[in-house]
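Following numbering that gives the first Met the number 0, the residues of the sequence shown are numbered contiguously, the last one being 421. Don't be surprised by glycine CBs; every beta carbon is placed ideally from N, CA and C. The model shown is predicted, which means the values in this text are computed figures rather than measured ones. Below: the structure, in structure tokens.
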Amino acid sequence: MDRVLAVILGGGAGTRLFPLTAQRAKPAVPLGGKYRLVDVPISNCINSGVNRIFVVTQFNSASLNDHIARSYLFDRFRGGFVMVLAAEQTPGSVEWYQGTADAVRQSNVHIRSYAHEQVLILSGDQLYTMDYRLMLEHHLRTGADVTVAATPVVADDAPGFGILRTDAEHRITEFHEKPARGDLAGKESPVEPEMEAAGRIYLASMGIYIFDCQVLQELLDVHPEANDFGKHIIPLAIGERKVVSYPFKGYWNDIGTVRSFFDTNLMLAEPQPAFNLFDEQMPLYTNARLLPPAKVTRSRIENAIISEACVVIDSDVSHAVIGIRSYLGARTRIHRTVMMGADYYRWEDPASRSRVEGPAHPGVDEDTTIEGAIIDKNASIGKGCVITNAAGVQEGEGPGFYIRDGIVVIVKNAEIADGTVI
Numbered sequence: 000m001d002r003v004l005a006v007i008l009g010g011g012a013g014t015r016l017f018p019l020t021a022q023r024a025k026p027a028v029p030l031g032g033k034y035r036l037v038d039v040p041i042s043n044c045i046n047s048g049v050n051r052i053f054v055v056t057q058f059n060s061a062s063l064n065d066h067i068a069r070s071y072l073f074d075r076f077r078g079g080f081v082m083v084l085a086a087e088q089t090p091g092s093v094e095w096y097q098g099t100a101d102a103v104r105q106s107n108v109h110i111r112s113y114a115h116e117q118v119l120i121l122s123g124d125q126l127y128t129m130d131y132r133l134m135l136e137h138h139l140r141t142g143a144d145v146t147v148a149a150t151p152v153v154a155d156d157a158p159g160f161g162i163l164r165t166d167a168e169h170r171i172t173e174f175h176e177k178p179a180r181g182d183l184a185g186k187e188s189p190v191e192p193e194m195e196a197a198g199r200i201y202l203a204s205m206g207i208y209i210f211d212c213q214v215l216q217e218l219l220d221v222h223p224e225a226n227d228f229g230k231h232i233i234p235l236a237i238g239e240r241k242v243v244s245y246p247f248k249g250y251w252n253d254i255g256t257v258r259s260f261f262d263t264n265l266m267l268a269e270p271q272p273a274f275n276l277f278d279e280q281m282p283l284y285t286n287a288r289l290l291p292p293a294k295v296t297r298s299r300i301e302n303a304i305i306s307e308a309c310v311v312i313d314s315d316v317s318h319a320v321i322g323i324r325s326y327l328g329a330r331t332r333i334h335r336t337v338m339m340g341a342d343y344y345r346w347e348d349p350a351s352r353s354r355v356e357g358p359a360h361p362g363v364d365e366d367t368t369i370e371g372a373i374i375d376k377n378a379s380i381g382k383g384c385v386i387t388n389a390a391g392v393q394e395g396e397g398p399g400f401y402i403r404d405g406i407v408v409i410v411k412n413a414e415i416a417d418g419t420v421i
């Protein structure tokens, strides 16, 4: 994999994930109590022997830069790097990225400066484990110019994806961007018998590509109007080059909405989750913060992730993810909730904190009940609050919170007063 260079696409403004993306780039959104979304593709790269990695973004890049700088330091003997490329004005372009392919096109001055034979294009908002070495072997074995990772889906899910049609040799003959449910006839592909028996006969593009270096450069140069990989580059490549699919049968999920973010995090806390955080062969890396273990006293915990440096006192926590440095006061009840944690300890003297932004005492005070919510970083929730969306509001907002798809989202650094009911 020494001749492979990876480019992780940070995506656009992340409007579907708002308000989680109000102050951070989409790849920097916290995941699973201690990670960030960008840790997933970076970890897959490292575990696959790919150690030259660009992360391309243009919105709210500061926290992403900070996380990557703290987390991924390659030593001089091993070599390699993880580098954030934020949108910038150059003599050749003074505009924002117009899409995923345009982001790579405008970043070419940096990408071309490193010798490589293949480019691995990845998304920064997906959860999966993949050994990219196997995908590269498939790419080379089939003699492909472009390889597209694909996962089989059922008809009900197909309209949410770009659907590939392949022949028996995995060559892609057609590409349909999010076809309507009624237009799926004739868009089936050959799949393995167990997938066919389950009705998973449509191949969905995962937004993961391998391009031969020269092929990618030619496609971007010859088609300057082609700004998106899924909508433009891949359909053009199918007509001009040999494009094959790489069948992927493992767990894969696109975390593009508040609902999918919420459900995916809670899945991680299940007894037998679809995605395994405890994989010794393909570990998930992140910032080594050197925090103490969690401390839990007189509490009931069921199907929950309690992260490092948490303090849980006389609480009831079930079906929840509790992020680093979280504090739960006495008689709190947390159910079906994702807490992202805090950047500093609740008891830290504000005058001595390295971060000046945020409430003095993040965490959840005593006698508070929270259900069906996302609590963003550093939020301070007062005593006797009830955050359950009992009225069943689907979309709404108020001081310090939004409701998206029925999920209450307490925003980063919010201060919720004692006795508040949401």
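Return the chain-ordered list of same chain residues with a C-beta closer than 7 Å to the C-beta of residue i, the five sequence neighbours on each side being excluded.
{"i": "Val49", "result": "Met0, Val3, Ala5, Leu119 and Tyr131"}
{"i": "Ala149", "result": "Leu163, Leu202, Ala203, Ser204, Met205, Ser244, Tyr245, Pro246 and Phe247"}
{"i": "Cys212", "result": "His115, Glu116, Gln117 and Val118"}
{"i": "Lys177", "result": "Pro158, Gly159, Phe160 and Gly161"}
{"i": "Asp278", "result": "Thr128"}
{"i": "Asn388", "result": "Gly371, Ile402, Gly405, Val407 and Ile421"}
{"i": "Trp251", "result": "Gln125, Tyr127, Thr150 and Met205"}
Keeping to the same chain, check which residues put their C-beta closer than 6 Å to that of residue i; ignore five residues upstream and five downstream.
{"i": "Arg332", "result": "Asp315 and Thr368"}
{"i": "His360", "result": "Arg345 and Ser379"}
{"i": "Ala308", "result": "Leu290, Pro291, Ile323 and Arg324"}
{"i": "Pro40", "result": "Ile7 and Leu121"}
{"i": "Asp253", "result": "Gln125"}
{"i": "Ala413", "result": "Ala378 and Gly399"}
By the 10 Å Cβ neighbour count, where 16 or more other Cβ atoms means buried, how is residue i classified, buried or exposed?
{"i": "Leu289", "result": "exposed"}
{"i": "Thr56", "result": "buried"}
{"i": "Phe80", "result": "exposed"}
{"i": "Val320", "result": "buried"}
{"i": "Thr99", "result": "buried"}
{"i": "Arg111", "result": "exposed"}
{"i": "Asp101", "result": "buried"}
{"i": "Tyr221", "result": "Before going on, a small fix: residue 221 reads as Val here, not Tyr. Result: exposed."}
{"i": "Leu133", "result": "exposed"}
{"i": "Lys420", "result": "According to the sequence provided, residue 420 is Val. The question's Lys does not apply to it. Val420 is exposed by the Cβ-count criterion."}
{"i": "Ser60", "result": "buried"}
{"i": "Thr172", "result": "exposed"}
{"i": "Pro151", "result": "buried"}
{"i": "Pro29", "result": "buried"}
{"i": "Pro234", "result": "buried"}
{"i": "Asp144", "result": "buried"}
{"i": "Arg140", "result": "exposed"}
{"i": "Ala167", "result": "exposed"}
{"i": "Pro26", "result": "buried"}
In its own chain, which residues sit with a C-beta less than 8 Å from the C-beta of residue i, not counting the 5 before and 5 after it?
{"i": "Gly391", "result": "Gly405"}
{"i": "Ile300", "result": "Val311, Val316 and Ser317"}
{"i": "Tyr284", "result": "Asp38, Ile41, Ser42, Ile45, Ser70 and Tyr71"}
{"i": "Asp155", "result": "Arg180"}
{"i": "Val214", "result": "Asp144, Val145, Ala236 and Arg240"}
{"i": "Ile199", "result": "Note on residue identity: the sequence assigns Arg, not Ile, to residue 199. Around Arg199: Pro151, Val152, Val153 and Val190."}
Please report how far the alpha carbon of residue i lies from the alpha carbon of residue j, in whole angstroms.
{"i": "Ile323", "j": "Lys33", "result": "6 Å"}
{"i": "Ala329", "j": "Ile312", "result": "5 Å"}
{"i": "Gly159", "j": "Ser188", "result": "17 Å"}
{"i": "Arg69", "j": "Asn286", "result": "6 Å"}
{"i": "Glu193", "j": "Asp227", "result": "33 Å"}
{"i": "His109", "j": "Leu219", "result": "15 Å"}
{"i": "Glu365", "j": "Val337", "result": "18 Å"}
{"i": "Ser106", "j": "Ile207", "result": "18 Å"}
{"i": "Ile374", "j": "His137", "result": "42 Å"}
{"i": "Met281", "j": "Arg180", "result": "36 Å"}
{"i": "Val242", "j": "Ala197", "result": "26 Å"}
State yes or no: is the C-beta of residue i nearer than 7 Å to some heavy atom of the ligand GDP?
{"i": "Asp375", "result": "The ligand GDP is not part of this structure, which contains no ligands at all."}
Just verifying my parser: in three-state terms, what is the DSSP assignment at residue i?
{"i": "Gly229", "result": "helix"}
{"i": "Thr172", "result": "strand"}
{"i": "Ile321", "result": "strand"}
{"i": "His138", "result": "helix"}
{"i": "Arg104", "result": "helix"}
{"i": "Ile421", "result": "coil"}
{"i": "Arg23", "result": "coil"}
{"i": "Tyr113", "result": "coil"}
{"i": "Val392", "result": "coil"}
{"i": "Gly399", "result": "coil"}
{"i": "Gly328", "result": "coil"}
{"i": "Pro158", "result": "helix"}
{"i": "Asp124", "result": "coil"}
{"i": "Tyr34", "result": "strand"}
{"i": "Leu163", "result": "strand"}
{"i": "Thr14", "result": "helix"}
{"i": "Val93", "result": "Unreliable positioning characterises Val93 in this predicted model, as indicated by a pLDDT of 49, which lies under 50. The coordinate reading is nonetheless provided below. Coil."}
Fully enclosed by the stretch 184-264, which alpha helix (DSSP H) runs are 4 residues long or longer? 192-196, 212-221 and 233-239
Counting only runs that start and end within the stretch 327-387, where is the beta strand (DSSP E) found for 3 or more residues in a row? 332-338 and 368-374
Can you list, in chain order, the stretches of the beta strand (DSSP E) that have 3 or more residues and sit fully within the stretch 35-71? 51-56
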